[in-house]
Structure formats: C-alpha cells, structure tokens
Amino acid sequence: MEKIKEAVERARSAFNTGKTRPLEFRIQQLKAMERMLKEREKEITEALKADLNKSPYSSFSYEIMVVLQELELTISKLPEWAAPQRVEKNIMVLMDEAYIHHEPLGVVLTIGAWNYPIALILHPLVGAIAAGNAVVVKPSEVSEHTAKVLEELLPQYLDKDLYPVVNGGIPETTELLKQKFDHIIYTGNSSVGKIIMEAAAKHLTPVTLELGGKSPCYIDKDCDIDVACRRVTWGKYMNCGQTCIAPDYVLCDPSIEGRVVEGVKKALVEYYGEDVKKSPDYERIVNKRHFKRIMGLLEGQKITLGGEADEASCFIAPTVLTDVNPNSKVMQEEIFGPILPIVAVKNLDEAIHFINHREKPLALYVFAKDKAIIKRMIAETSSGGVTANDVLMHFTLPSLPFGGVGFSGMGAYHGRFSFQTFSHQRSCLVRSLTMESVNKIRYPPATQKKVDWAKFFILKRCSKSKVGLVVLAVLGVFLAVAIKVITVGGAHSGLCRGSRRGWRS
1 MEKIKEAVER
11 ARSAFNTGKT
21 RPLEFRIQQL
31 KAMERMLKER
41 EKEITEALKA
51 DLNKSPYSSF
61 SYEIMVVLQE
71 LELTISKLPE
81 WAAPQRVEKN
91 IMVLMDEAYI
101 HHEPLGVVLT
111 IGAWNYPIAL
121 ILHPLVGAIA
131 AGNAVVVKPS
141 EVSEHTAKVL
151 EELLPQYLDK
161 DLYPVVNGGI
171 PETTELLKQK
181 FDHIIYTGNS
191 SVGKIIMEAA
201 AKHLTPVTLE
211 LGGKSPCYID
221 KDCDIDVACR
231 RVTWGKYMNC
241 GQTCIAPDYV
251 LCDPSIEGRV
261 VEGVKKALVE
271 YYGEDVKKSP
281 DYERIVNKRH
291 FKRIMGLLEG
301 QKITLGGEAD
311 EASCFIAPTV
321 LTDVNPNSKV
331 MQEEIFGPIL
341 PIVAVKNLDE
351 AIHFINHREK
361 PLALYVFAKD
371 KAIIKRMIAE
381 TSSGGVTAND
391 VLMHFTLPSL
401 PFGGVGFSGM
411 GAYHGRFSFQ
421 TFSHQRSCLV
431 RSLTMESVNK
441 IRYPPATQKK
451 VDWAKFFILK
461 RCSKSKVGLV
471 VLAVLGVFLA
481 VAIKVITVGG
491 AHSGLCRGSR
501 RGWRS
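Heads up: the sequence shown begins at 1 in my numbering, then just goes up one per residue.
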C-alpha cells in the first residue's frame, strides 16, 4: 500500500515541476497515446476478447476508435481551448483586459469501468492530460486482462511519473481514496459513487460521477416500429447489455407490444443469426457473479423471447419480458445485462408520469414521428442526455457534454467539456494605472452625486455593438472629466470658504 502513496506523491512532485504547463508537452503525450492505440491494437483486442468476448471489430469500433476520435479532436483544438477567453466588460473596466485563463487542477484520479475498460479509462485521460494535469490511472480489476495490458503499455508511451497506473481491487482503491487529489472521475454504480464522494469530501475534492441508472425508451404507436426495434435491439444487446446508456426498458401502448417483440426478434436474427451463442459479435457477461445477479432478475417474470443461459461460459441470450410489474425486482435496479422488459402504458402522459416517479436516468430515448411528442418528452422529464429516434448516439457527439444528473451522476466530459472539467477557469482582470479619475466614483467620501453617476453609467445597459462601445468610451471620458471637475470644484469651494473664514476672523 505504501507504493500507492508513493505513486501519488511522485505524480504531484512531477506536476509541481511545471512540465505539464506547455501545450507542446501535452500534445506530445496525447500523440504518444495515439501511437500506443495504433501500434498495440493486437494486445488490446486480445485482452478485450479474454475479458468480455469482444470481437476485434467490436473492440476497435466501440473502444479504440472512440479514443482515437477524441485524441484527434483534442490535439487539433487544444490551442484554441487553452487560449485566454475574452469576456464582456462594463464601463468601469472598459479600457482594461478581462479574460478567463484555463489552468490545470493538479493531480487527477480516474477510476475506470469494466464494461468498456479501454474507452472509459482513456477517454477522460485524454481530457485530463490536455488540461495539463498529472493523472493517476485506476483500471477496473473486474476486466483483469485489460487492466494488466494498460499497466504494461501506458508507462511505455506516457511519462511514468505523471501518469502512473495503479492496479488492484477494493483494498487498493480504498488506499487511493485516502490520498489527496484535485479531481476524481469515476464511472460505475451509485453505491461506489457514494463511497468515492464521501472520501473526496474529506479533501474538498470535486468529483465527476458517471453512474448509469435505468434509461427508459418510449416507443410511440405511430412511429416506424420496425426501425425503432432495429435501433433499440442494437443498443440494448451491444456488449451483452453491459452498457451504461443502454435502453433499460421499453414503454409502449399495449396495442403495439406484440409488434415490438416481433421487431426485436427479427433484428436479433439479422444481427446475430439463428444461434446467438455461436455469433462472434455477441459478447458474454463479465463474470459469474454478474451472471447470477442478472439471472436472479428473471425470477417470476414472463419470458416472451430468449431466456437461454450457460453459466460455464457466462452466456445469457437476448431476452424480452412482457406483462412486467413495475414494482418487480427487474424494474428496481439497473439491469446491465441482455434483458429488455416491456412495460405497457396507455399514452404519453402515463409514460412521462412513469419516468418522473423514478430516479433520473443517465439517458432517455423516445421514438416518434410527431416532433411535438419528442419536445414534450424532453421538456417534461429529466435525464443526463436524450436521443430521439435512436439510442446511444448522443454519446458519439463530442460537441455534446456527456454526464448524468441526480442519481445518475454529476459533472460531464467529452471534447471541450473534458478540457473544462479538468481545468480551473481562473478569472483575470489586468487594469491600467491611468485614468484614476474614473475610480473616484467608488472612493470615499460617498456623496449623492457619485451615487447618481453610478446609477447612470453602471446600471444603464448599452448596446454590445461597436457603436455602443464607442459611446461607452466617450461617456467614460466624460465621467472622468466630470468627476474631476466635481472634485476640484469641491476642493476649490472648500478653500474659498476657508479663506473667507480666515479673512473674517
């Protein structure tokens, strides 16, 4: 355990040298990570195959390519993101320099998840490096083969002191959380999220938590049911249902329930063939503990499609449940497996009511031709993100922040939002030592005239156009002159009164 403390201390010492401050160094490290993913793709895909039975295609498409896209964007945009961000000014500082300076937070801890053990550890790492931080990397011990590969590869490509990898289970994670970090990002379940938040609170460390939840999917009876089912089937059974933003359950009118089941069945044959177990594109449950948990959710349920399982290989077939009781166990916790409950609702109002009487999910999906239905679903519910007429795809857009709300997490990342999450936005105002007359409006002694001038100049809104700024500048000069005249006039009156008193005496 002493090694963990030493690794964190080395990372902080390395950060304190200032070597992460230059953008050139950060870009160099990001390009090294990019090189690692391209040169060591074989080792990475083999590890993912061992952990989750992922095919090389799935490993590249949903793990490696996701990170490569983030790297390409970040490397090209980093100079723009890191540049001083100019802000609007008021008349009191019109001639001065005001901007936001993005500075590194310090030492970041990123704790990855086992379901996408490459993407969910390296994706936030890209943003943390881009922002100039040192980063302690903690892969999930559940995906043990991938964790071992990361421990071997990252030090070969990235700075060993700034970006150490710590492997291990609960004891090692517990020890890590005793150390002081400047930000912690964790992807996983809410139970562990609470533990991390509690540990972070002792050091007042901010956190980003991606916690999943039960993401609902409403299918309107007037939409294209076949298209909706193809897209839902793809998103639900990808990675054997072990995706944090997978549609957790379907809400639909009872009249289309049978069509939804048939649509899912048809899509499954198209994607995985007649025998899903033999398909190279269908993954496995990560371990026997999770296998037993998922199988337990099927107890007492009406299995309309699928349900076959093999504990020895951690295989569970794509499964659809109907006549689901909203209070049953399968509807009380995130499924995180290849089980799709279908819950009947009479209309959109009932669907919205159903969603709003549960914890806020990480994602929400709605399929409808009528845009008014989509707008109502967005306006009258809350979730981390929304995709209409598809599933998962909002995750792929780096111009959208990815994160949860309420029980599904806090904070966000992806693209520029990652850079902002791992940066301190420092307010900077650089003033001139000239035009001191303008400042007399805020100096003692206070007078009613000063208050009147302040009301006129500071509280009045001016146009943001160049004409408005010119007018402001002219008024500012006038204000300075006016205040000087008032001050000099006041002083002159005082001298005159004093002279008259002296003459009279």
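By construction, the Cβ of each residue, glycine as well, lies at the ideal position given by its N, Cα and C atoms. Being a predicted model, the structure only gives us computed values, none of them experimental.
On a CA-only basis, which of 123, 447, 18 is nearest residue 401? Give me that one, please. Of the candidates 123, 447, 18, the one whose C-alpha sits nearest the C-alpha of residue 401 is 123.
Apart from the five residues just before and just after residue 104, which ones in its own chain have a Cβ nearer than 8 Å to its Cβ? Beyond the five residues adjoining it in sequence on each side, residue 104 comes within less than 8 Å, by CB distance, of 15, 20, 21, 131, 132, 133, 422, 423, 424 in the same chain, given in chain order.
Enclosing beta strand (DSSP E) for residue 104 [first to last residue]: Start and end: 97-104.
Measuring CA to CA, which of 326, 369, 298 is closest to residue 224? Measuring C-alpha to C-alpha distances from residue 224 to each of 326, 369, 298 identifies 369 as the nearest.
So which of 290, 178, 352, 349 has the shortest CA-CA distance to residue 335? Residue 335 has its Cα closest to that of 290, out of 290, 178, 352, 349.
Under three-state DSSP, which class holds residue 271? Here residue 271 sits in helix by DSSP.
So for residue 196, helix, strand or coil by DSSP? Collapsing the DSSP output to three states places residue 196 in a helix.
Cross-strand partners of residue 357 (DSSP beta bridge): DSSP output for residue 357 lists no bridge partner at all.
Based on the DSSP secondary-structure assignment, which residues constitute the bridge partners of residue 63? DSSP, once it has assigned bridges, lists no residue as partnering residue 63.
Can you grab the Cα-Cα spacing for the pair residue 102 / residue 416, in whole Å? Rounded to the nearest whole angstrom, the CA to CA distance from residue 102 to residue 416 is 12 Å.
Between the Cα of residue 44 and those of 17, 2, 145, 70, spot the shortest distance and give me the residue it belongs to. Selected option, being the one with the closest Cα: 145.
Own chain partners of residue 389 with C-beta closer than 7 Å, once the 5 adjacent residues on each side are dropped: So the list reads 367, once near-sequence residues are dropped.
Starting from the Cα of residue 278, find the closest Cα among 33, 350, 268 and give me that residue. Ranked by Cα distance from residue 278, the options 33, 350, 268 are led by 268.
Whole-angstrom distance between residue 263 and residue 327, CA atom to CA atom: The straight-line gap from Cα to Cα measures roughly 26 Å.
With H, G and I counted as helix, E and B as strand and the rest as coil, what does DSSP make of residue 429? Note: residue 429 maps to strand in three-state DSSP.
Endpoints, the beta strand (DSSP E) within which residue 367 is located: Counting along the chain, the unbroken beta strand (DSSP E) around residue 367 starts and ends at 363-367.
Per DSSP, cross-strand counterpart(s) of residue 252: Looking at the DSSP assignment, residue 252 forms a beta bridge with 219, 344.
What residue range does the beta strand (DSSP E) around residue 322 cover? Where residue 322 is concerned, the enclosing beta strand (DSSP E) starts and stops at 319-322.
May I ask which residues mark the beginning and end of the beta strand (DSSP E) holding residue 17? Residue 17 -> no beta strand (DSSP E), and no H or E assigned at all.
Nearest residue (CA-CA) to residue 192, options 169, 298, 247: When each option's Cα is compared against that of residue 192, the closest is 169.
Tell me the DSSP secondary structure of residue 330 in three-state form. DSSP places residue 330 in helix when its eight states are reduced to three.
Does the Cβ of residue 446 have 16 or more other Cβ atoms within 10 Å, making it buried, or fewer, making it exposed? Residue 446 is exposed by the Cβ-count criterion.
Are the region 154-170 and the region 57-67 touching by the rule of at least three beta carbon pairs closer than 8 Å? The answer is no - the region 57-67 does not touch the region 154-170, with fewer than three Cβ pairs under 8 Å.
Applying the 10 Å Cβ sphere with the 16-neighbour rule, what's the burial state of residue 17? When all chains shown are included, residue 17 counts as exposed.
Beta-carbon spacing of residue 386, residue 362 below 8 Å: No. Outside cutoff.
Residues near residue 207 by beta carbon distance below 6 Å, same chain, minus five either side: Here the set comprises 184, 197, 200.
So, with DSSP's three-state summary, where would you put residue 424? Correct three-state label for residue 424: strand.
7 Å CB neighbourhood of residue 399 in its chain, flanking five on each side removed: Same-chain partners within the cutoff: 415.
So, at 6 Å on beta carbons, what are the nonlocal neighbours of residue 496 in its own chain, with the 5 sequence-adjacent residues on each side left out? Model confidence at residue 496 stands at a pLDDT of 43, short of 50, so the residue's coordinates are unreliable; what they give is reported in the following sentence. Result list for residue 496: empty, nothing under 6 Å.
Relative to the C-alpha of residue 257, which candidate in 241, 174, 344 has its C-alpha closest? Sorting 241, 174, 344 by C-alpha distance to the C-alpha of residue 257 places 344 at the top.
Is it true that the region 25-43 meets the region 149-161, where meeting means three or more beta-carbon pairs spaced less than 8 Å apart? Judged by Cβ distances under 8 Å, the region 25-43 makes contact with the region 149-161, as three or more pairs qualify.
Cutting at 6 Å between CB atoms, please list the residues of its own chain near residue 410, excluding the five before and the five after it. Excluding five sequence positions before and after residue 410, the CB atoms of its chain that fall closer than 6 Å to its own CB belong to 209, given in chain order.
Distance, Cα to Cα, residue 78 vs residue 332? Residue 78 and residue 332 have their alpha carbons spaced roughly 42 Å apart.
From the DSSP output, in three-state form, read off residue 413 for me. DSSP places residue 413 in strand when its eight states are reduced to three.
Through-space distance from residue 271 to residue 23, alpha-carbon basis: Those two C-alpha atoms are separated by around 44 Å.
Within this structure, are the beta carbons of residue 342 and residue 381 separated by less than 8 Å? By the CB criterion at 8 Å, residue 342 and residue 381 fall outside the cutoff.
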